[in-house]
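Mind the numbering: the sequence shown is residues 213 to 502 in my numbering, read in order. Ideal Cβ positions, reconstructed from N, Cα and C, are used throughout, including at glycine. Here the structure is a predicted model, which is why all the values come from computation and not from measurement. See structure below.
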Amino acid sequence: MKVNKAVIPAAGMGVRFLPATKAQPKEMIPIIDTPAIQYIVQEALDSGVKDILMITGRGKYAIEDHFDKSPYLEEFLADKGKEDLLALVREIGSLARLHYLRQKEPLGLGHAVLCARQFVGNEPFAVLLGDDIVRSKRPCLQQLMDLYAEMPGTILAVTEVPPEDVSKYGILDAEPLRDGVYRVRDMVEKPRPEEAPSRLAVIGRYVISPRIFPILAATPPGAGGEIQLTDALRVLCREEPVYGLIFKGRRYDVGDKLGYLKATVEFALDRPDLGPEFEAYLKELVGEMG
Ligand code: G1P
213 MKVNKAVIPA AGMGVRFLPA TKAQPKEMIP IIDTPAIQYI VQEALDSGVK DILMITGRGK
273 YAIEDHFDKS PYLEEFLADK GKEDLLALVR EIGSLARLHY LRQKEPLGLG HAVLCARQFV
333 GNEPFAVLLG DDIVRSKRPC LQQLMDLYAE MPGTILAVTE VPPEDVSKYG ILDAEPLRDG
393 VYRVRDMVEK PRPEEAPSRL AVIGRYVISP RIFPILAATP PGAGGEIQLT DALRVLCREE
453 PVYGLIFKGR RYDVGDKLGY LKATVEFALD RPDLGPEFEA YLKELVGEMG
């Protein structure tokens with residue numbers, strides 16, 4: 213069965229980015245001039261998924277406004293003859309079929325995904341987390357879908373992290389099947405380095421079987437008092453195949469200040485309109501620092 217729907221949990225409070233997130237959603241913080249969430253929506257679209265459910269919460273109106281039409285702004289730009297900007301603004305308004313649902317309480321990622329049950333129905337679906345932005349030739353979600361086409365099941369995007377970072381992620385206990393593909397035996401959410409079964413960390417891209425929904429509905433709150441997606445995936449991998457795929461590409465944790473800075477610098481260096489001048493500036497700066 214093809215993956216036609218994606219879920220983007222976007223209800224988090226963004227405490228790691230206060231005070232910027234006091235009055236605006238963290239998903240709207242831009243990398244240069246494009247809100248982080250737009251990269252995520254674009255990746256889903258580039259992977260062939262058009263129906264996207266955004267799980268939002270209080271204070272997230274700016275996300276809906278961003279992907280909506282902007283009649284006044286469009287009129288203003290048209291009057292001023294700013295055709296390029298007008299086209300840019302119009303394109304964002306027509307990117308995807310976006311649907312919105314509010315998670316009433318911050319009960320965790322597992323609960324956010326469970327909120328998507330009606331929307332998804334009985335089909336495999338994608339989940340993309342907004343804190344992870346992946347730069348790659350083939351979109352990261354598309355890479356998961358490629359594997360799904362060959363080995364139907366639940367597919368998790370994974371990357372190897374240094375031992376000191378395992379406590380930030382869901383970590384796999386898994387058996388290698390072939391280069392870059394693992395069969396998941398078990399998982400643990402944010403283990404201490406000495407307890408981690410591997411260094412294979414789940415990053416925020418998933419293709420998930422709908423069997424996850426009844427499991428999530430029966431999952432009690434785990435780490436941090438939240439309903440953890442990882443806890444439900446642990447149950448799922450005993451019933452159905454769950455695979456880990458080492459994706460190809462560079463991933464940035466833009467929910468982290470340093471990760472955000474790295475993404476900004478690397479995206480800027482890549483931009484034809486900014487890259488050459490910015491690179492010259494960085495070289496000069498590094499030279500001055502000696
Ligand atoms: C979530 C998941 C975790 C995963 C991570 C990827 O954690 O619970 O398993 O490894 O996303 O970014 P969070 O970063 O929301 O704490």
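**Asked** Are there three or more Cβ pairs, one per stretch, closer than 8 Å when the region 401–414 is compared with the region 440–450?
**Response** Under the 8 Å Cβ criterion, the region 401–414 counts as touching the region 440–450, having at least three qualifying pairs.
**Request:** Could you work out which residue in L384, R390, P426 and E303 is closest to E407 when comparing CA atoms only?
**Result:** By one-based count along the sequence shown, residue 407 stands at place 195. For E407, the nearest C-alpha among the options comes from L384.
**Message:** What does the Cβ neighbour count give for A248, buried or exposed, with the cut at 16 atoms within 10 Å?
**Reply:** Residue 248 sits at position 36 when you count from the first residue of the sequence shown. Label assigned to A248: buried.
**Message:** As an exercise, report each continuous beta strand (DSSP E) stretch of at least 3 residues that is fully enclosed by the region 293–342, in chain order.
**Reply:** Runs of the beta strand (DSSP E) spanning 3 or more residues and lying entirely within the region 293–342 occur at 309–314 and 337–340, in chain order.
**Item:** Contact test: G471 Cβ vs ligand 1 heavy atom, cutoff 7 Å
**Value:** Here residue 471 refers to the residue found at position 259 when the sequence shown is read from its first residue. No, Cβ of G471 sits at least 7 Å from all heavy atoms of ligand 1.
**Asked** Can you tell which of T246, A274 and R329 has its C-alpha closest to the C-alpha of E303?
**Response** Position 91 of the sequence shown holds residue 303. When only C-alpha atoms are compared, the closest one is T246.
**Request:** Within the region 401–466, note down every full alpha helix (DSSP H) run reaching 4 residues or more, in order along the chain.
**Result:** Counting only runs of at least 4 residues, the region 401–466 fully encloses the following alpha helix (DSSP H) elements, listed from N- to C-terminal order: 424–429 and 441–451.
**Prompt:** Where do the N-terminal and C-terminal ends of the beta strand (DSSP E) with I249 fall, by residue?
**Reply:** In the sequence shown, counting from the first residue as 1, residue 249 sits at position 37. No beta strand (DSSP E) holds I249; the alpha helix (DSSP H) holding it covers A248 to D258.
**At least 3 beta-carbon pairs within less than 8 Å: the region 321–338 vs the region 271–290** = Judged by Cβ distances under 8 Å, the region 321–338 makes no contact with the region 271–290, as fewer than three pairs qualify.
**M266, enclosing beta strand (DSSP E) - first and last residue** = Here the question's residue 266 lines up with position 54 in the sequence shown. Membership of M266 in the beta strand (DSSP E) is indicated by the continuous run D263 to T268.
**Message:** Given this structure, state the Cα-to-Cα distance separating G226 from P237, to the nearest angstrom.
**Reply:** By 1-based counting over the sequence shown, the position of residue 226 is 14. By 1-based counting over the sequence shown, the position of residue 237 is 25. Taking the straight line from one Cα to the other gives about 7 Å.
**Item:** Rounded Cβ spacing between L448 and T366 (contact assumed at less than 8 Å)
**Value:** By one-based count along the sequence shown, residue 448 stands at place 236. By one-based count along the sequence shown, residue 366 stands at place 154. With a Cβ gap of about 6 Å, L448 and T366 count as contacting.
**Asked** At a cut-off of 7 Å, is A413 close to ligand 1 when judged by its beta-carbon and the heavy atoms of the ligand?
**Response** To locate residue 413, count along the sequence shown from 1; it is residue 201. Within the cutoff, so yes.
**Message:** Tell me the rounded alpha-carbon separation between L257 and V400.
**Reply:** For the purposes of this step, residue 257 is taken as residue 45 along the sequence shown, with counting starting at 1. For the purposes of this step, residue 400 is taken as residue 188 along the sequence shown, with counting starting at 1. Computed Cα separation, rounded: 31 Å.
**Message:** Rounding to the nearest angstrom, what Cα-Cα distance links V477 and Q254 in this structure?
**Reply:** Against the sequence shown, residue 477 aligns to sequence position 265. Against the sequence shown, residue 254 aligns to sequence position 42. For V477 and Q254, the distance between alpha carbons rounds to 20 Å.
**Asked** Is T442 near ligand 1, in the sense that its beta carbon is under 7 Å from a heavy atom of that ligand?
**Response** The sequence position of residue 442 within the sequence shown is 230, counting from 1. When distances are taken from the beta-carbon of T442 to the heavy atoms of ligand 1, the shortest one is below 7 Å.
**Prompt:** Which ranges does the beta strand (DSSP E) cover as unbroken runs of at least 3 residues, wholly within the region 342–367, from first to last along the chain?
**Reply:** Counting only runs of 3 or more residues that sit fully inside the region 342–367, the beta strand (DSSP E) segments are 344–347, in chain order.
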